[in-house]
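Single-structure report; data block below.
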Amino acid sequence: MNLIYRDTVELPWEFPINNLSAIRSFSEKQPYFCFAVPAEAEWVKSHITPSTHETDLTQSLARVEITSQDSIAASSNPSDLDKMYHLAVCKDGAQAFQSLMKMKMGHADPTHATIVKTYGNEEFQLNEIIEVIGILDNAKLDAIEDKDMLNEISLSSMLPCVHVILSEKLEGKLVNPLTRIISNPLPKFSEVAQALRQTAIDSLQGCLMGDALAAEYIFLQMFSRITSRAGGTFPVGYLPINLCNAPPAASCFATSLASALHLFVPHVHYLSMKLENLNTGLWIDADQARYNDQVDLGCATADLGLCAGALQLPNSTLLVVDESSLTDGTLVDRGVKNIKAIGNVIQNAEVSFGVGLGGSIQRPVDYRVLVISEGKSMFKELCTIPIQTDPNGSYYTPALTQDQLHLLRIWIEETKHGEPDFEPSMDERIQKEFTESQQTARINNLPVDDGSMLLQRLNLAQLLCRSYGLGQMNDECWKQAGKLETARLARCASFTTRKTSTAK
9 MNLIYRDTVE LPWEFPINNL SAIRSFSEKQ PYFCFAVPAE AEWVKSHITP
59 STHETDLTQS LARVEITSQD SIAASSNPSD LDKMYHLAVC KDGAQAFQSL
109 MKMKMGHADP THATIVKTYG NEEFQLNEII EVIGILDNAK LDAIEDKDML
159 NEISLSSMLP CVHVILSEKL EGKLVNPLTR IISNPLPKFS EVAQALRQTA
209 IDSLQGCLMG DALAAEYIFL QMFSRITSRA GGTFPVGYLP INLCNAPPAA
259 SCFATSLASA LHLFVPHVHY LSMKLENLNT GLWIDADQAR YNDQVDLGCA
309 TADLGLCAGA LQLPNSTLLV VDESSLTDGT LVDRGVKNIK AIGNVIQNAE
359 VSFGVGLGGS IQRPVDYRVL VISEGKSMFK ELCTIPIQTD PNGSYYTPAL
409 TQDQLHLLRI WIEETKHGEP DFEPSMDERI QKEFTESQQT ARINNLPVDD
459 GSMLLQRLNL AQLLCRSYGL GQMNDECWKQ AGKLETARLA RCASFTTRKT
509 STAK
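Heads up: the sequence shown runs through residues 9 to 512, numbered per our numbering.
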């Protein structure tokens, strides 16, 4: 028997329940393999909705009990949550079971997995973040004495299953829980942006050995997103950055920077390029059987399809690739594939997904990529910034207050999804400057901009507008973008010359 719960009280939170009537006629059961959102910041995990915002729906569901021995009810009581992740598989198979229930899924931290079954018109896509309200079916299997018999049990039958009643996709700014429920009125961003952005840049500068230019670019990257794909492939608005001339991996520079970035954005994923990681890690989705042939997962079952890669992340994730940790050694076939996979993410903003029988499909993604390397990165199409120690810069990382962090987190998410317009006079001015720069380059026998430098400056100008909370790109933002690019290119030229001289 299928039961539908309907709350007649008006909800103060936005949830798509107005199509509940459509659920009266159930479609075929659609199972999805889901796991806990990777790369999530601690402030996102620990975010608790104030009790004043708890809805009657939440309170009602918290009181629901299912007395069946094979199921337990979803409850707001934290003590009940532990029951959801415990299942007796075999008396001597605790280690194998822990591997199943907390598979690394290619990510650094173990994560819980579950099967989500829908009965309506829901259509979930790869890499989407979803929230569901449903009934948890945590069936307890009979104890198995013979551990070898575990190979005959499918992984899906050993995982908890949620039967969905209501669901919501968390897209865009909704991935940040702070933007979903704003209890107090916020100040106008354009009025506080100047002081707030400087506070954030000062904090980042302390993590970057006093380098103010690198701090500015990384801060602007937080506001970036792919707005469209020119010709169906080229990502517009994309700003992958290479911080080169970084300290050796032993200094923990990359991990410290990744931790600092976690303070600002909801999802930051650190990916080390150690040789062992490359040769044994699962970076792209592949079927479990092929993966088990090459790497021992330490788990007893091998199901097709139930395997996620380290590059399978939510959109808007800030991906920190630590190229400085790469050491000498031999790359095996998996290592080569992993390097190709990360190169595909950086250059084309796409991730490969295995579809069985050795096939794969490409799916567009929108990650903010930061590659950290000692020399220039092996990957192309990056905005390169050689780190330059500034003796006059601040090495002290000022601690941001909780109020400042709260406002920054909302501000970045809200303004990132804005689309600044051009002031009427800006189009003509930009075209004129571009034509003049090409003519000057030809006269002086210098490389002529093919449009890539113009696109980079336009992108930076738009990011500056967002970071100042402006709705229109003005002359000041255009000039500042030009100054930033001039300083960056001059530093790149100096870094290349210095490297050449050292090699001689």
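Note that beta-carbon positions come from the ideal geometry of N, C-alpha and C, so glycine has one too.
Exposed or buried, Ile123, counting other C-beta atoms within 10 Å across all chains shown (16 or more means buried)?
buried
Which word fits Gly343, buried or exposed, when buried means at least 16 other C-beta atoms lie within 10 angstroms of its C-beta?
buried
Decide yes or no for the touch test of the segment 446 to 458 against the segment 499 to 506: beta carbon pairs closer than 8 Å, at least 3 of them.
no
Please determine if the segment 200 to 207 and the segment 410 to 429 are in contact, where contact requires at least 3 C-beta pairs separated by less than 8 Å.
yes
Which residues in the same chain have their Cβ closer than 7 Å to the Cβ of Asn346, if we skip the five residues on either side of it in sequence?
Leu286, Gly289, Trp291
Quick one: using the 10 Å Cβ neighbour count with 16 as the cut-off for buried, is Cys192 buried or exposed?
Sequence inspection shows Asn at residue 192; the Cys mentioned does not correspond to that position. Asn192 comes out exposed.
In three-state terms, what does DSSP make of Ala47?
coil
Minimum length 3: unbroken beta strand (DSSP E) runs contained in the segment 188 to 249:
236 to 238, 242 to 244
Apart from the five residues on each side of it in sequence, which residues of its chain come closer than 7 Å, Cβ to Cβ, to Pro274?
Glu48, Ala49, Val52, Val183, Asn184
Where in the segment 317 to 394 do unbroken runs of the beta strand (DSSP E), each at least 3 residues long, occur, reported from the N-terminal end onward?
326 to 330, 358 to 362, 368 to 372, 376 to 380, 391 to 394
How about Ile420 and Phe197: are their beta carbons less than 8 Å apart?
no
When you compare only the Cα positions, how much space is there between Tyr476 and His270?
21 Å
Roughly how far, in whole angstroms, is the beta-carbon of Ile3 from the beta-carbon of Phe227, given that I think they are within contact range, below 8 Å?
Look at the range of the chain in this structure, 9 to 512, and you will see that residue 3 is not part of it.
Using a 10 Å radius around the Cβ and a threshold of 16 neighbouring Cβ atoms, would you call Thr397 buried or exposed?
exposed
Residue(s) in a DSSP beta bridge with Thr481:
Reading off the sequence shown, one finds Met at residue 481, where the question assumed Thr. In the DSSP output, where bridge partners are listed per residue, Met481 has Phe430.
On the three-state DSSP scale, how would you describe Glu136?
coil
What is the DSSP secondary structure of Glu130, counted as helix, strand or coil?
coil
Ser280 - containing beta strand (DSSP E), residue span
276 to 280
Quick check on the burial criterion: 16 or more other C-beta atoms within 10 angstroms. Buried or exposed for Ser259?
exposed
Less than 7 Å between C-beta atoms, sequence neighbours within five positions excluded: which residues of the same chain meet that for Glu224?
Ile209, Leu492
Tell me whether the segment 419 to 439 and the segment 351 to 358 touch, counting them as touching only if at least three CB pairs, one residue from each stretch, are closer than 8 Å.
no
In terms of DSSP beta bridges, what is Asp145 paired with?
Cys169
Would you list the residues sitting across from Gln579 in a DSSP beta bridge?
This structure does not reach residue 579, given that the chain is present from 9 up to 512, and the question cannot be answered.
Opposite Ser175 in the DSSP bridges: which residues?
Val140
Going by the CB atoms, is the gap between Ile393 and Leu212 shorter than 8 Å?
no
Opposing strand residues paired with Ala449 [DSSP bridges]
Beta-bridge pairing links Ala449 to no other residue.
Phe272, enclosing alpha helix (DSSP H) - first and last residue:
Unbroken run through Phe272: none, as it is neither H nor E.
Exposed unless 16 or more other CB atoms sit within 10 angstroms - verdict on Asn452:
exposed
Are the beta-carbon atoms of Ile395 and Met217 separated by less than 8 Å?
yes
So Lys388 and Cys252 are supposed to be a Cβ contact under 8 Å. How far apart are they, rounded?
Not confirmed; about 13 Å, so no contact.
Just verifying my parser: in three-state terms, what is the DSSP assignment at Leu454?
coil
Applying the 10 Å Cβ sphere with the 16-neighbour rule, what's the burial state of Thr325?
buried
Classification of Gln103 by the beta-carbon crowding that lies within 10 angstroms, buried from 16 upward
Confidence is the limiting factor: at Gln103 the pLDDT is only 42, short of 50, which leaves the residue's position unreliable, though a coordinate-based value still follows. Label assigned to Gln103: exposed.
According to DSSP, which residues form a beta bridge with Leu186?
Beta-bridge pairing links Leu186 to no other residue.
Under a Cβ-count criterion, where at least 16 other Cβ atoms within 10 Å of its own Cβ denotes burial, should Val276 be classed as buried or exposed?
buried
For a test of the three-state rule: what should DSSP assign to Leu290, helix, strand or coil?
coil
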